[in-house]
Amino acid sequence: MRSYNVISADSHVNSPTDIYAGRMPADLADRAPRVEESGEGSFWVYEGKKRPAIGLGHMAGRKFEDYKTNDGSVKFEDVRAGGFFAEERVKDMDIDGMDAEVLYSGFVGADIQDPELRHACMRAYNDWLMDYCNVAPDRLAGLSVLPSWDKSLMLNEMRRSAKIGMKGCQIPAYAPFGGSYGDKQYADYWSAVEELGWPASIHLGGRTSSGLADNPLPFIASTTIALAEPFAVIIYGGVLERHPGLKLICTEAGIGWWAYFLERMDNVYHRHRWWTKSDLPQPPSFYFHRNCYSTFQEDIAGVRVWDLIGSDNIMWASDYPHTDATWPESQKVIEEHFAGVPENEKRKMICTNAQGLYFQG
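Final position of the sequence shown in the numbering used here is 365; the numbers increase by one with none missing.
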């Protein structure tokens with residue numbers, strides 16, 4: 005059995021150009037997203053749309069001043085191949101001192117309008133990701149993407165993905181069928197996740213920008229703390245009270261803000277639960293500490309208050325191969341962040357918490 009010292013609890017894959025080849029139903033194969041090259045650059049093309057094929061999700065290892073969205077100057081061969089090919093990824097993991105990684109979505113086609121086509125593409129993506137992980141199954145844990153617009157399809161794909169070996173799933177930040185995640189209509193949804201023993205992850209970036217297209221910096225900076233509301237909705241809504249076995253991951257949102265937000269949620273609970281008629285029997289921090297985790301890459305302030313958040317609830321991540329990636333200097337980042345933290349507490353945050361969720365054989 006492999007021994008682990010450092011695990012990235014949030015890394016990503018990028019869809020290769022042939023991801024849908026041989027994985028789609030015959031009647032939908034010619035409508036699946038495909039890559040087209042032109043003088044403008046490389047683009048995914050589907051349903052009359054053109055989406056950049058190379059962008060901020062491919063920038064690991066590049067100088068910050070060389071980050072590109074897609075102006076035609078960056079080709080597939082110019083970015084890390086590990087996002088596309090597992091064999092290359094393992095080499096980059098070795099360079100970075102990563103024993104294992106949890107792999108979040110690089111799905112292409114989330115905005116496909118035809119639900120049948122979008123569903124088929126999601127299944128194909130999940131099958132591809134499982135093949136990718138099987139190159140090094142003791143080092144790579146894949147998370148399923150789900151057809152969140154249809155509860156029946158979602159539950160079926162959840163169970164199918166578990167059977168083929170996926171280790172968890174990504175869920176929308178906000179209730180996909182309307183209402184709130186605490187509503188009765190979501191009870192079977194949460195029960196299914198709980199029964200599978202899957203960690204369910206809410207990744208940052210789920211909400212659209214406030215419209216400042218000319219200056220995306222405010223959105224990029226604040227998107228981490230935007231996950232405070234979805235987690236408050238789930239906790240105050242009693243989801244974790246009714247489903248004590250659930251494990252929820254707040255992904256790539258950082259950790260420092262949790263120190264204040266846990267205090268704030270408890271204060272709100274103690275002051276306002278009477279007139280709001282809350283039937284939650286425990287304060288919110290109880291459910292966070294029992295059921296929730298949050299991941300980060302670089303958060304010096306957060307590590308300084310790790311004891312206010314809980315070392316059992318924090319997981320470090322490299323975010324390879326995205327723009328926030330610490331590759332290839334993850335060991336330096338870890339050393340700088342955890343200076344002075346007791347070794348047993350540090351080990352939880354950089355290894356054993358993630359190991360317990362994703363790499364238990």
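Built from N, CA and C at the ideal position, the CB exists for glycine as well.
Three-state secondary structure (DSSP) of residue i
i, result
"P37", "coil"
"V83", "coil"
"L200", "helix"
"V94", "helix"
"A57", "coil"
"A358", "helix"
"Q364", "coil"
"S195", "helix"
"S77", "coil"
"S165", "helix"
Reference residue i; option with closest CA among the options
i, options, result
"S109", "M134, D100, V94 and P119", "M134"
"A57", "E69, S77 and F68", "S77"
"Q301", "W331, Y24 and D283", "W331"
"A305", "E340, T356 and P176", "E340"
"A236", "A204, A196, W278 and Y178", "Y178"
"L157", "E92, Y185 and D192", "D192"
"Y373", "I168, K155 and N160", "Since the first and last residues shown for the chain are 5 and 365, residue 373 lies out of range."
"E81", "P20, D218, W48 and I11", "P20"
"L159", "V197, P325, M269 and G242", "V197"
"Y50", "E69, L250 and Y24", "Y24"
"E245", "H274, R294, I224 and H276", "R294"
"D187", "P203, G241 and D22", "G241"
"I403", "A204, G258 and P203", "Residue 403 lies beyond the stretch modelled for the chain, which goes from 5 to 365, so this question has no answer here."
"P248", "P346, N18 and C296", "C296"
"R55", "A30, G113, R66 and E69", "G113"
Cut-off 7 Å between Cβ atoms - residues of its own chain near residue i, not counting five sequence neighbours on either side
i, result
"T327", "L60, M63 and Y71"
"W262", "S298 and I313"
"G209", "T227"
"V149", "S109, F111, M126, Y129, N130 and Q174"
"G183", "Q189"
Residues that residue i bridges to, as DSSP identifies them
i, result
"S226", "DSSP, once it has assigned bridges, lists no residue as partnering S226."
"W153", "W153 is not bridged to any residue."
"I23", "DSSP output for I23 lists no bridge partner at all."
"Y50", "K53"
"E233", "None, per the DSSP bridge assignment."
"I11", "A104"
"H207", "T255"
Cut-off 6 Å between Cβ atoms - residues of its own chain near residue i, not counting five sequence neighbours on either side
i, result
"A140", "V94"
"P180", "S152"
"I239", "P288 and Y291"
"A166", "L200"
"I99", "P332"
"S12", "M102, E105, A321 and S322"
"I253", "P203, S205 and Y297"
"R143", "A104"
Same chain, Cβ closer than 8 Å to residue i, neighbours up to 5 away in sequence not counted
i, result
"H16", "G61, G87, L107, Y108, S109, G110, D323, Y324, P325 and H326"
"D34", "none"
Q) Whole alpha helix (DSSP H) runs in the region 108 to 151 with 4 or more residues, listed along the chain? A) 119 to 137
Q. In chain order, which continuous runs of the beta strand (DSSP E) of length 3 or greater are located wholly inside the region 277 to 334?
A. Taken in chain order, the complete beta strand (DSSP E) segments of 3 residues or longer contained in the region 277 to 334 are 296 to 300 and 318 to 320.
(Q) Could you tell me which whole beta strand (DSSP E) segments of length 3 or greater appear in the region 237 to 284? (A) Runs of the beta strand (DSSP E) inside the region 237 to 284: 251 to 255.
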